[in-house]
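One structure is given here, and the rest of the page talks about it.
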Amino acid sequence: MSCISDAPESSDVKLYGLIGEKLGHSFSPAIHSIIMQKLGIKGCYHLFEVERDSLSRALDGLKHLNIKGVNVTIPYKVEVMEYLDEVSREAKGIGAVNTICFREKKAYGFNTDYYGFGMMLDKMNVDLHHKKAVILGAGGAANSVVRYLKDNGIKEIALVSRNKDSAKCRFKDLGIYGYEEAGLLRSFDMIINCTPCGMHPDIDVCPVPPDIIGNFSYAIDLIYNPSETLFLKYAREKGLTAANGLYMLAGQAVKSQELWNDIDIPGSTADEIYAQSVELRVKNSRF
Ligand code: NAP
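This note's numbering applies: residue 1004 is where the sequence shown begins, and numbers increase by one.
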């Protein structure tokens, strides 16, 4: 739990959190502490590990706990939508929710990953026009990434999945490939890892072999722990422009705080949060 408050027992301390299956890897409490400190928000950010068959009961419990809001992470960003009272038009279009606001015992779903991903691309100075992207994995994060790329001028997207039939049903207008076909995608500019492959603690795996990564100019890994996954190490060794998911995490967290507290936070704040997160990470080897 991470708390920012002079008087933790006082009733103006707001409760926030993260729901997901396994949260030992999460940097969200640290990021939200930094944001709350910077903006003078008195709050506590808890980690709520939820078992696979308990999501609906967990949400019901949260509705009754006077919590302002939670983030949602792997593997619940898609499934959680069916248990919410309302889902924003944007999140419906994306097909995933990563931020929930609780108001008067009702749960409202939003998607801020979309914005976080866009902020990361801006930070990398990537112009999407005329670019072609390969996405690895067909989960909740892939939904946000695909929507952002389409909304911002990408020329073509190919999606690589372990389960082509299921991916074809969800991403009807994309080229869907199996991992054994990923080597064929040679004319593409960027490769984006939207799988948890390589995430702490399973850091010795990479979703695709290094020779495939070498076919691209840009590599983005949504994973931020470890800061350099094997995927990004191979990308660096092959000379690609590469980035991990920490800037995206900072961007989506800032947007979540805007929704929970009904405030506007200047765009430059994500830069400051990111810089402080990197500093904190250097000091604290756990992240
Ligand atoms: P998710 O909904 O569980 O989906 C992940 C997808 O990855 C799965 O649907 C699956 O796609 C594929 N996958 C899962 N395990 C795999 C494995 N062992 N090998 C190969 N592919 C595998 O998770 P998510 O919410 O999309 O998150 C995906 C990753 O992005 C996580 O590491 C998460 O931490 C990260 N993320 C980071 C940020 C950020 O702010 N930086 C934001 C969102 C997500 P197929 O079945 O199609 O192969």
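Think of the CB as a built atom: it goes at the ideal place given N, C-alpha and C, for glycine as much as any other residue.
In the three-state DSSP reduction, H1035 falls in the helix class (H, G or I). Secondary structure of L1162 (DSSP, three-state): strand.
By the CB criterion at 7 Å, A1253 and A1273 fall inside the cutoff. When secondary structure is reduced to three states using DSSP, F1234 falls in the helix class. DSSP places A1141 in no beta strand (DSSP E); its state is neither H nor E.
Taking a C-beta distance under 7 Å as the contact criterion, F1174 and I1194 do not qualify as a contact pair.
Residue state for D1224 is assigned as strand, using DSSP reduced to three classes.
Here I1179 has L1162, S1164, K1167, A1170, K1171 as same chain residues with Cβ atoms under 7 Å from its own Cβ, once five neighbours each way along the sequence are excluded. By a beta-carbon distance limit of 8 Å, L1249 does not contact Y1221. Their separation comes to about 16 Å. Proximity to G1119 across A1110, R1150, Y1111 peaks at R1150, based on C-alpha coordinates.
Residues K1134, K1135, A1136, F1219, S1220, Y1221 of the same chain have their beta carbon placed closer than 8 Å to that of D1192, with the five preceding and five following residues left out of the count. If you check the C-beta of D1267 against ligand 1, you find no heavy atom less than 6 Å away.
Across the structure, K1126 and Y1277 are spaced so that their CA atoms are roughly 11 Å apart.
Taken through DSSP and simplified to helix, strand or coil, C1172 comes out as helix. Its chain contains L1131 as the residues whose beta carbon lies nearer than 6 Å to that of N1155, once the 5 sequence neighbours on both sides are disregarded; these appear in chain order.
When the beta-carbon positions are compared, G1143 and A1099 come within less than 7 Å of each other.
One thing to note: D1224 has its Cβ no nearer than 7 Å to the Cβ of L1233. By alpha-carbon distance to L1021, the top candidate from I1037, I1038, G1043, V1053 is V1053. Distances from the CB of N1218 to the heavy atoms of ligand 1 are all 6 Å or more.
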